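Protein chains in written order, with my numbering: chain A, 213 to 358; chain B, 145 to 577. Cβ atoms here follow ideal geometry from the backbone N, Cα and C, with glycine treated the same way. Since the structure is predicted, the reported quantities are computational estimates derived from the model, not experimental observations. Have a look at the structure below, then the notes.
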């Protein structure tokens, strides 16, 4: 019920993002979602890709620091209040969100959200109990073009 | 031509000085042999007996002492006197958290204080002057060294210690300091504060300053003299030998006069350890011929300088050393604190990171700022900013604890710092000293 996210340490230097994404492009890695946490000196690039393990190897070979992080993916109604009700479930269970980012899917009426929490198991349980649909890695890519 | 604190020594004939040094060296080697097991072993190994030392010229037969010997015998192993004769301990920062501990008998303190009194007098201080000591007081020798030197002179000491710059400015204005003693960088900080407070330094009773404990350039001297409207004098020293006042500038400012009646200088080639002739740059080595508690033999200071025995235009005959122009090791002096890159490396390794780092030293608003650039490694990487900030904080805290100095930490990408096949160049010093 979890999704593997690539987390990459990126120094704040012009061209770094272009360099890193071009490594992935060369090997036909498909990026479906991304977010960047930025600070003054560095950023953390977070990517959801089709082949996370292979992509991590590629990036490590280039000398970058990369980790695979288990994150939650949920599918919510693409309407006002959709995201809020999912967050409410987590909040009521006392589960804090470290970060989250959303992306629109080609599937009509649905939005996907990636959520990072400290305790994945607890979050999976309360979300499932509340009837919120959790995504698998394949779900994110199987909607491609459909 | 300035005044002397002790004309009999400061303007003595070279013959007299040599006779004095010879007598003191003979006595010192005897004491080391009898009271310091470390030196007895060293001399035995070299096949030298105290009886082989007949004059100061025989000093070249003696073995060298290095900072590591002090660490190996931490804290009191090299002391030559019993505890009841000791009256003071000082310490300076050392590698991997261990300090270099030094001790003094009353006679040692008297000689040290006299060195500072000579320095103050050479800078024009008199019994009627207020001497404002803005060096840190404590284990560091700066504060107490100048303090007792000023008392020895009979001047009026203002023991302000360092920090609280607004109060320093108030003291300068209200107490009427005539002479100020601090690190050159702190002098500039005080100067800035005066300027921002709208105080014209030319209107203050301040005439001169004695600055040391860190390397400084002639450009910095000009800047200090301008911002504080004073004449700026250099003072040299290291705690292993005594503290500030081992050597000092006179009004000629053409080198620093060494108190060679207590601390005998040599210049040697740092690679071969062969003595070098006067006027040739090499590593400065001191033998504490007049010291009771910690009589170090041929202690390698690692400072690169040259000496001259030509009589100075000020009238002093004491040997002069030029401003040190570098180090024969990789030690940095940052805000008066001794920093070895190996200490930084030790901290990085202790946190499970790879020892790929670079130390950058800059001057920001006249203060030394140290930044440690470390490559990110898998062991400490996190997908959360909080996790990485936590690593930075831990590094900062560990550096502060080990070095006694705050440092900025900058995490960089792996493989982004230069790699070295030979000797690694870990330090980028942008201070132009």
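Interface residues of chain A facing residue i [CB-CB closer than 7 Å]
i: residue 493 of chain B; result: Those do not exist, as residue 493 of chain B stays about 18 Å from chain A at its closest Cβ, beyond 7 Å.
Residues near residue i by beta carbon distance below 6 Å, same chain, minus five either side
i: residue 358 of chain B; result: 327, 477, 480
i: residue 147 of chain B; result: 265
i: residue 349 of chain B; result: 320, 322
i: residue 373 of chain B; result: 345, 346
i: residue 252 of chain B; result: 435, 436, 437
i: residue 408 of chain B; result: 165, 431, 433
i: residue 233 of chain B; result: 247
i: residue 170 of chain B; result: 197
i: residue 173 of chain B; result: 194, 197
i: residue 515 of chain B; result: 504, 552, 554
i: residue 266 of chain A; result: none
Under 7 Å between C-beta atoms of residue i and residue j
i: residue 186 of chain B; j: residue 177 of chain B; result: no
i: residue 261 of chain B; j: residue 182 of chain B; result: no
i: residue 402 of chain B; j: residue 377 of chain B; result: no
i: residue 352 of chain A; j: residue 244 of chain A; result: yes
i: residue 381 of chain B; j: residue 390 of chain B; result: yes
i: residue 155 of chain B; j: residue 452 of chain B; result: no
i: residue 285 of chain A; j: residue 229 of chain A; result: no
i: residue 411 of chain B; j: residue 387 of chain B; result: no
i: residue 458 of chain B; j: residue 396 of chain B; result: yes
i: residue 571 of chain B; j: residue 251 of chain A; result: no
i: residue 329 of chain B; j: residue 576 of chain B; result: no
i: residue 271 of chain A; j: residue 261 of chain A; result: no
i: residue 298 of chain A; j: residue 288 of chain A; result: yes
i: residue 492 of chain B; j: residue 472 of chain B; result: no
i: residue 497 of chain B; j: residue 521 of chain B; result: yes
i: residue 222 of chain B; j: residue 180 of chain B; result: yes
i: residue 236 of chain B; j: residue 383 of chain B; result: yes
i: residue 263 of chain B; j: residue 352 of chain B; result: no
i: residue 405 of chain B; j: residue 153 of chain B; result: yes
Own chain partners of residue i with C-beta closer than 7 Å, once the 5 adjacent residues on each side are dropped
i: residue 578 of chain B; result: One cannot answer for residue 578 of chain B here, as it falls past the ends of chain B, which runs 145 to 577.
i: residue 538 of chain B; result: 495
i: residue 162 of chain B; result: 200
i: residue 159 of chain B; result: none
i: residue 288 of chain B; result: 281
i: residue 301 of chain B; result: 275, 277, 291, 294, 295
i: residue 474 of chain B; result: 484, 485, 571
i: residue 242 of chain B; result: 215, 218
i: residue 268 of chain A; result: 218, 278, 280
Interface residues of chain B facing residue i [CB-CB closer than 7 Å]
i: residue 221 of chain A; result: 520, 525, 557
i: residue 281 of chain A; result: 527
Close beta carbons around residue i, own chain, < 8 Å, minus the five adjacent residues each side
i: residue 249 of chain A; result: 255, 256, 258, 311
i: residue 239 of chain B; result: Bear in mind that a pLDDT of 49 at residue 239 of chain B, under 50, signals an unreliable position, so the number given afterwards is only what the model happens to contain. Cβ neighbours of residue 239 of chain B beyond the five flanking positions: 215, 484, 486, 487, 490.
i: residue 513 of chain B; result: 505, 506, 507, 552
i: residue 305 of chain A; result: 334, 335, 338
i: residue 429 of chain B; result: 208, 409, 410, 411, 412, 442, 443, 444, 445
i: residue 249 of chain B; result: 225, 229, 230, 231, 436, 437
i: residue 323 of chain A; result: 287, 288, 289, 290, 294, 295, 314, 315, 316, 317
i: residue 271 of chain B; result: 297, 298, 299
Amino acids of chain B, ordered along the chain, whose beta-carbon sits closer than 9 Å to that of residue i
i: residue 263 of chain A; result: Those within 9 Å of residue 263 of chain A in chain B number zero; the least Cβ separation is about 19 Å.
i: residue 258 of chain A; result: 527
Interface partners of residue i on chain A, CB under 8 Å
i: residue 554 of chain B; result: 253
i: residue 560 of chain B; result: 223
Within chain B, the residues that residue i reaches when beta carbons sit closer than 8 Å
i: residue 249 of chain A; result: 528, 529
i: residue 276 of chain A; result: 557, 558
Checklist entry - Between the stretch 325-344 of chain A and the stretch 234-243 of chain A, do three or more beta carbon pairs fall short of 8 Å? => result With a cut-off of 8 Å, the stretch 234-243 of chain A and the stretch 325-344 of chain A do not count as touching, because too few Cβ pairs lie within range.
Item to check | Validate contact between the stretch 553-569 of chain B and the stretch 220-230 of chain A using beta carbons, cut 8 Å, 3 pairs | outcome: yes
Checklist entry - At a Cβ cut of 8 Å, what residues of the stretch 296-320 of chain A count as close to chain B, listed as they run along the chain? => result Listed in sequence order: 310, 311.
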